[in-house]
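S.K.:
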Amino acid sequence: MPLIIDNLPEAVRATKRALRAALPNYKQVFGEVEGAIRRQVDAIQRDRAQGRDAIPVFDYSSVVSGDVDPATILGIKARGACVVRGVFDRQQASDWNDEITEYVERNDLDAKLAHRAEDRYFGNLSSSKPQIYGIYWSKPQTAARQSEQLTNTRVFLNRLWTSESEGRRHFDPERVPVYADRIRRRPPGSESLGLSPHVDGGSVERWLDPNFQKVYRHVLTGNWRDYDPFDAAYRPDVQEIPSPAVCSMFRTFQGWTALTPQGPGDGTLQLIPIANVMAYVILRALQDDVPDDELCGAQPARALSIKPEWHGLLLEAVTPIPHMQPGDAVFWHSDVIHSVEDAHRGNGYSNVMYIASAPWCAKNEDYLKRQLPSFLRGESPPDFPADHFETDFIGRAQESDLTPLGRAQLGFDLSR
1 MPLIIDNLPE AVRATKRALR AALPNYKQVF GEVEGAIRRQ VDAIQRDRAQ
51 GRDAIPVFDY SSVVSGDVDP ATILGIKARG ACVVRGVFDR QQASDWNDEI
101 TEYVERNDLD AKLAHRAEDR YFGNLSSSKP QIYGIYWSKP QTAARQSEQL
151 TNTRVFLNRL WTSESEGRRH FDPERVPVYA DRIRRRPPGS ESLGLSPHVD
201 GGSVERWLDP NFQKVYRHVL TGNWRDYDPF DAAYRPDVQE IPSPAVCSMF
251 RTFQGWTALT PQGPGDGTLQ LIPIANVMAY VILRALQDDV PDDELCGAQP
301 ARALSIKPEW HGLLLEAVTP IPHMQPGDAV FWHSDVIHSV EDAHRGNGYS
351 NVMYIASAPW CAKNEDYLKR QLPSFLRGES PPDFPADHFE TDFIGRAQES
401 DLTPLGRAQL GFDLSR
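First residue of the sequence shown: 1, per full-length UniProt numbering; consecutive thereafter.
#1: Which of the three DSSP states, helix, strand or coil, is assigned to N351?
#2: Do you know how far the Cα of R184 is from the Cα of Y133?
#3: List the residues that DSSP assigns as beta-bridge partners of Y133.
#4: What are the boundary residues of the beta strand (DSSP E) that includes T72?
#5: Would you tell me roughly how many angstroms separate the C-alpha atoms of G411 and Q28, rounded to the nearest one?
#6: Figure out for me which residue from T391, F375, L405, P320 has the closest Cα to the Cα of D53.
#7: If we ignore side chains and look at the alpha-carbon of each, how far apart do S127 and G167 end up?
#8: In angstroms, rounded to a whole number, what distance separates the CA positions of P381 and R46?
#9: Whole angstroms is fine: what's the gap from I282's alpha carbon to L368's?
#10: Provide the residue span of the beta strand (DSSP E) that contains V340, from first to last.
#11: Quick check: the segment 322 to 330 against the segment 222 to 231, are there 3 or more CB pairs under 8 Å?
#12: Hey, is S147 close to the ligand SAH, as in C-beta under 7 Å from one of its heavy atoms?
#13: Pull up the distance between the alpha-carbon of A21 and that of K112, whole angstroms please.
#14: Note down, one range per segment and in chain order, each beta strand (DSSP E) of at least 3 residues found wholly within the segment 256 to 343.
#15: Where does P359 land, buried or exposed, given buried means 16+ other C-beta within 10 angstroms?
#16: Taking the CB atoms as reference points, tell me whether S357 and F331 lie closer together than 8 Å.
#17: May I ask you to verify whether the segment 89 to 108 touches the segment 131 to 146, counting CB pairs closer than 8 Å and requiring at least 3?
#18: If we define contact as Cβ-Cβ less than 8 Å, is A301 a contact residue for chain D?
#19: Taking all protein chains shown into account, decide if G267 is buried (16 or more other Cβ within 10 angstroms of its Cβ) or exposed.
#20: Q409 to M249, Cα distance in whole Å?
#21: Taking the alpha-carbon of T403 as reference, which of S147, D110, V64 has the nearest alpha-carbon?
#22: What is the C-beta distance between A275 and S165, in whole angstroms, given that I count them as a contact (C-beta under 8 Å)?
#23: Based on the DSSP secondary-structure assignment, which residues constitute the bridge partners of Q254?
#24: Could you compute how far the alpha carbon of D67 sits from the alpha carbon of I73?
#25: In three-state DSSP terms, what is P9?
#26: From this set, Q149, F30, H333, which residue's C-alpha is nearest L160's C-alpha?
#27: From K16 to K77, what distance separates their C-alpha atoms?
#28: Taking the alpha-carbon positions, what's the F88 to Q299 distance?
#29: Thinking C-beta only, is Y349 closer than 8 Å to D181?
#30: Does P9 pass the burial test, meaning 16 or more other C-beta atoms within 10 Å, or should it be called exposed?
#31: Closest to G80 by C-alpha separation, out of I55, Q91, G86, would be which residue?
#32: Would D110 be called buried (16 or more neighbouring beta carbons within 10 Å of its own) or exposed?
#33: Would you tell me roughly how many angstroms separate the C-alpha atoms of L269 and D42, rounded to the nearest one?
#34: I'd like the span of the alpha helix (DSSP H) that includes H218, first residue to last.
#35: Looking at E240: is its Cβ nearer than 8 Å to the Cβ of L19?
Laid out in structure tokens, this is it:
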């Protein structure tokens with residue numbers, strides 16, 4: 001069910017009063033969390049200064065063989081992100097890029113973009129114009145989502161979570177539903193098309209929704225050291241304020257797969273690789289220097305912005321992803337802060353397919369039932385602006401393009 005709030009300022013004031021009353025030493029606890037985050041920021045800066053990967057990197061082949069280095073797994077748990085090399089063959093990914101280019105040009109997408117529905121999701125970010133195209137059902141996107149390679153990778157990522165706790169099973173990590181998302185096609189030389197640091201999957205809800213409060217229960221009771229960002233308890237139960245482009249599926253990791261070479265300076269992804277960063281963000285809003293009706297700039301139905309005036313410490317850890325080749329993929333925990341460089345100063349297109357990791361749970365099964373008709377009709381999925389560009393696109397993926405795995409991941413079995 002969606003979260004409906006009639007009087008947001010009053011809801012914020014009442015919630016902050018209640019949270020402070022339940023944690024009377026909120027200043028002391030925040031000081032402890034701030035110190036722990038400071039140490040992580042310093043460690044990230046040392047890694048970068050000494051030429052080490054601040055974001056764990058490993059090969060897809062180790063996923064297949066089941067021997068991902070335990071130290072790498074610990075790194076993912078701490079940094080909340082990873083780069084997986086060679087999920088797809090470079091030539092395959094490059095061919096997909098060419099096919100998407102032809103799909104976009106053949107169907108005159110650029111002309112249609114002038115009439116697209118307004119997407120206000122990033123509107124409160126200082127940089128808020130990502131070069132993202134409302135394309136969901138091209139054959140390359142469909143092939144990548146249902147591929148054995150990406151399925152194996154997402155199952156590996158889902159398994160990093162604790163899927164059973166608090167006496168409940170929260171999700172099935174072995175089953176991977178499809179969350180159809182968009183593509184990015186960013187030409188070289190583009191300026192001011194980035195995104196400032198933010199978090200998806202909930203803004204004011206993280207304080208106001210009772211289930212989000214349970215997700216952060218250890219933080220809000222002062223036992224912040226017990227907070228595990230990879231414990232799935234209550235996460236599939238959270239409620240979002242409905243809005244175009246607010247994700248209403250539970251994603252263990254957001255992610256994208258590179259279709260072209262790209263890296264630092266190419267107008268691409270940056271992360272603040274701290275998995276438990278929400279402990280800081282949640283408690284920061286309870287401090288006395290924040291107005292009673294404010295949550296450090298959080299706005300409903302928007303990305304949760306991370307601002308210099310409230311979160312300056314975190315911004316010291318902004319880290320560009322390493323150089324990516326076509327077929328490499330990057331994933332980041334759904335609580336991890338991320339951004340996109342404003343300027344693309346490289347030489348070629350910086351293109352990606354957004355494909356996240358999501359597990360099977362009741363929340364996601366419900367979304368599949370709403371998303372499947374969008375695939376069949378070529379419409380924009382339920383979470384996104386209702387552009388519906390692809391309804392008459394030549395070369396759009398059809399049911400006949402699906403493998404048995406692809407059909408299952410899109411929820412065809414649920415419609416029977």
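The beta-carbon is built from N, C-alpha and C at its ideal position, and this holds for glycine as well.
M.R.: Quick look at the numbers:
#1: strand
#2: 6 Å
#3: Per the DSSP secondary-structure output, Y133 pairs in a beta bridge with I183.
#4: Note, T72: premise wrong, no beta strand (DSSP E); alpha helix (DSSP H) at 70 to 79.
#5: 48 Å
#6: P320
#7: Note on S127: pLDDT 49, under 50, position unreliable in the model; the coordinate value appears next. C-alpha of S127 to C-alpha of G167: approximately 43 Å in a straight line.
#8: Using only the alpha carbons, I get a separation of about 42 Å.
#9: 31 Å
#10: 337 to 340
#11: no
#12: Ligands in the displayed structure: none, and consequently the ligand SAH is not present.
#13: 52 Å
#14: 269 to 272, 329 to 333, 337 to 340
#15: buried
#16: yes
#17: yes
#18: Among the chains of the structure shown, chain D does not appear; only one protein chain is present.
#19: Buried.
#20: 14 Å
#21: Checked all of S147, D110, V64; the closest Cα to T403 is S147.
#22: The pair is not a contact, with the Cβ atoms about 17 Å apart (cut-off 8 Å).
#23: Looking at the DSSP output, Q254 sits in a beta bridge with W332.
#24: 10 Å
#25: helix
#26: H333
#27: Roughly 30 Å separates the two Cα atoms.
#28: 38 Å
#29: no
#30: exposed
#31: I55
#32: exposed
#33: Their Cα atoms are separated by approximately 21 Å.
#34: 217 to 220
#35: no
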